[in-house]
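Asks: Numbering-wise, the sequence shown is residues 5 to 315 according to my numbering.
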Amino acid sequence: MNLLALEPLSAKTSGSPQICIAVLDGLIDLKHPCFLGADLTLLPTLVTGEANPNGGMSLHGTHVASIIFGQSGTPVRGIAPQCKGLIVPVFAHEGRQLSQLDLARAIEQAVNAGAHIINISGGQLTDEGEAEGWLKRSVQLCQKNNVLIVAAAGNDGCACLHVPAAMPAVLAVGAMDEQGKPIDFSNWGESYQTQGILAPGENILGAKPGGGTTRLSGTSFATPIATGVAALLLSLQIQRGETPDPQKVRAAILNSALPCTIADSSDQSRCLVGKINIPGSLEYLFGGTVSNALETVTASGCGCGQGSGEQ
5 MNLLALEPLS AKTSGSPQIC IAVLDGLIDL KHPCFLGADL TLLPTLVTGE ANPNGGMSLH
65 GTHVASIIFG QSGTPVRGIA PQCKGLIVPV FAHEGRQLSQ LDLARAIEQA VNAGAHIINI
125 SGGQLTDEGE AEGWLKRSVQ LCQKNNVLIV AAAGNDGCAC LHVPAAMPAV LAVGAMDEQG
185 KPIDFSNWGE SYQTQGILAP GENILGAKPG GGTTRLSGTS FATPIATGVA ALLLSLQIQR
245 GETPDPQKVR AAILNSALPC TIADSSDQSR CLVGKINIPG SLEYLFGGTV SNALETVTAS
305 GCGCGQGSGE Q
């Protein structure tokens with residue numbers, strides 16, 4: 005996370021309660037201490053029940069949500085702890101795979117509930133990045149309402165694509181390691197070359213259901229980092245008296261991304277557009293006044309998250 009250079013942004017805002025982030029993931033342990041004081045609303049979906057301390061999807065969802073919403077003074081401080089959250093469970097424990105139709109419904113539910121950003125740390129591996137009609141329409145609804153989807157690029161380790169990450173107006177997120185190099189498992193398909201960025205995705209600290217923390221690696225856990233940064237940029241727009249503009253923030257993140265060096269990777273396509281660059285995003289949005297002051301969708305089957313031990 006040191007690679008993120010978050011300080012120029014986090015020193016100015018820890019998130020605005022006017023900015024709403026939806027997390028579409030597994031069941032989340034909302035009783036975890038890191039969420040105490042967070043403004044989180046659970047939306048009803050087909051995935052019901054309590055988070056399972058031993059369930060893979062509960063670990064996935066709880067970890068992802070904590071990266072965004074973990075409160076100050078707790079074992080996991082998230083990137084945007086003061087933003088409002090919508091928890092939208094979509095990944096079940098029992099192995100029932102999520103159809104694109106169900107994902108589309110969850111996206112529409114998040115839009116109708118007022119989300120500015122939708123975090124999807126999962127996806128379906130596709131040949132050309134094409135989605136079914138239901139999912140296409142839900143993503144178009146996001147475009148129409150200026151809602152930003154931030155989605156995992158996937159961990160298949162190939163020049164391949166996941167939906168929704170490869171779909172128009174989505175921000176795709178790949179993973180880089182602690183040295184700022186693209187991780188071998190992070191996908192680098194064609195669409196990602198114009199709409200994907202790398203964020204830290206190795207040994208990311210987060211909450212685990214039942215209490216405690218763990219470190220996990222994968223594009224699943226790079227995605228909420230990018231979501232948190234986007235939420236802080238939107239919060240700063242509000243702080244400056246501007247109307248929050250998710251697609252403008254997306255443009256800022258993409259246009260300011262730092263290209264990889266030869267030392268990072270001999271194959272530049274693995275770096276997507278480039279590495280997330282917070283000072284550059286601030287410069288793009290606000291100028292020097294800010295920056296100088298500073299078919300089935302799964303969360304794991306297609307490999308958007310990989311475990312790497314606990315602490």
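Even glycine gets a Cβ: it sits at the ideal position worked out from N, Cα and C. Please read these numbers as outputs of a predicted model, since none were measured by experiment.
1. Rounding to the nearest angstrom, what Cα-Cα distance links Thr198 and Lys148 in this structure?
2. When DSSP builds the beta bridges, which residues end up paired with Thr198?
3. Does DSSP classify Gly284 as helix, strand or coil?
4. How should Gln75 be labelled, buried or exposed, when 16 other C-beta atoms within 10 angstroms of its C-beta is the threshold for buried?
5. Which residues in the same chain have their Cβ closer than 6 Å to the Cβ of Glu182, if we skip the five residues on either side of it in sequence?
6. Is Gly305 buried or exposed, if buried means 16 or more other CB atoms sit within 10 Å of its CB?
7. Nearest-angstrom Cα distance between Gly307 and Gly158?
8. Does the structure place the stretch 275 to 282 close enough to the stretch 254 to 264 that three or more beta carbon pairs sit under 8 Å?
9. Distance check for Pro283 and Ala297, CA to CA, integer angstroms please.
10. Which of helix, strand or coil does DSSP assign to Pro21?
11. Check the C-beta distance from Val203 over to Ile187 and give it rounded, since I have them as a contact under 8 Å.
12. Just tell me which of Ala234, Tyr288, Ala267, Ser62 has its CA closest to the CA of Ser18.
13. Sorry if obvious, but does the Cβ on Gly118 come closer than 7 Å to a heavy atom of the ligand GDP?
14. Mark Gly313 as exposed unless 16 or more other C-beta atoms lie within 10 angstroms of its C-beta, in which case mark it buried.
15. In whole angstroms, what is the alpha-carbon distance linking Val80 and Ala42?
16. Since Val154 is in the beta strand (DSSP E), which residue starts that stretch and which ends it?
17. Near Val51, which residues of its chain fall below 8 Å by C-beta distance, leaving aside the five closest residues on each side in sequence?
18. Consult DSSP for Lys185 and reduce its assignment to one of helix, strand or coil.
19. Judging by CA-CA distance, which residue of Phe225, Ile266, Asn58 is the nearest neighbour of Asp33?
20. In this structure, how does DSSP classify Ile83 when only helix, strand and coil are distinguished?
21. Whose C-beta lies closer than 6 Å to the C-beta of Gly193 among residues of the same chain, with five residues either side of it excluded?
22. Which residue from Asp106, Ala173, Ile72 puts its Cα closest to that of Leu319?
23. Fully enclosed by the stretch 111 to 154, which alpha helix (DSSP H) runs are 4 residues long or longer?
24. Which same chain residues end up closer than 7 Å to Pro85 when comparing Cβ atoms and leaving out the 5 residues on each side of it in sequence?
25. One question on the structure: do Ser269 and Lys185 come within less than 8 Å of each other, judged by their Cβ atoms?
26. Excluding the five sequence neighbours on either side, which residues of its own chain have a C-beta within less than 6 Å of the C-beta of Thr130, listed in chain order?
27. Leaving aside the five residues before and after Ser14 along the sequence, list all residues of the same chain whose C-beta is less than 8 Å from its C-beta, in chain order.
28. For the stretch 27 to 65, which segments carrying the beta strand (DSSP E) assignment without a break, of at least 3 residues, lie completely within its bounds, in sequence order?
29. Check this for me: beta carbons of Ala179 and Ala211, under 8 Å apart or not?
30. Using 8 Å as the cut-off, can you tell me whether the stretch 54 to 69 makes contact with the stretch 100 to 116, which would need three or more C-beta pairs spanning the two stretches below that distance?
Replies: Taking the definition as stated:
1. 21 Å
2. In DSSP, Thr198 forms no bridge with anything.
3. helix
4. buried
5. Glu206
6. Legend: pLDDT at Gly305 = 37, less than 50; position of this residue unreliable, no value from coordinates given.
7. Residue confidence is low: Gly307 scores 45 on pLDDT, short of 50, so the model does not pin down where it sits. No coordinate-derived value is stated.
8. yes
9. Note that Ala297 has pLDDT 39, beneath the 50 cutoff, so the model's placement of it is unreliable and the number below is only indicative. For Ala297 and Pro283, the distance between alpha carbons rounds to 10 Å.
10. coil
11. Note that residue 203 corresponds to Ala in the displayed sequence, not to Val. Going by Cβ atoms, the distance from Ala203 to Ile187 rounds to 11 Å, so no, they are not a contact pair.
12. Ala234
13. What this structure holds is no ligand at all, so the ligand GDP is not there to describe.
14. Here Gly313 scores only 41 on pLDDT, less than 50, and its place in the model should not be relied on; the value that follows carries that caveat. With fewer than 16 other Cβ atoms within 10 Å, it is exposed.
15. 12 Å
16. 152 to 156
17. Gly30, Leu31, Pro93, Val94, Phe95, Ala96
18. coil
19. Asn58
20. coil
21. Ala163, Cys164, Leu165
22. Within the shown structure, residues of the chain are numbered from 5 to 315, placing residue 319 beyond reach of any answer.
23. 137 to 148
24. Ser18, Gly19, Ala42, Phe73, Gly74, Gln75, Ser76
25. yes
26. Leu165, Val167
27. Ile83, Leu236
28. 44 to 46
29. no
30. no
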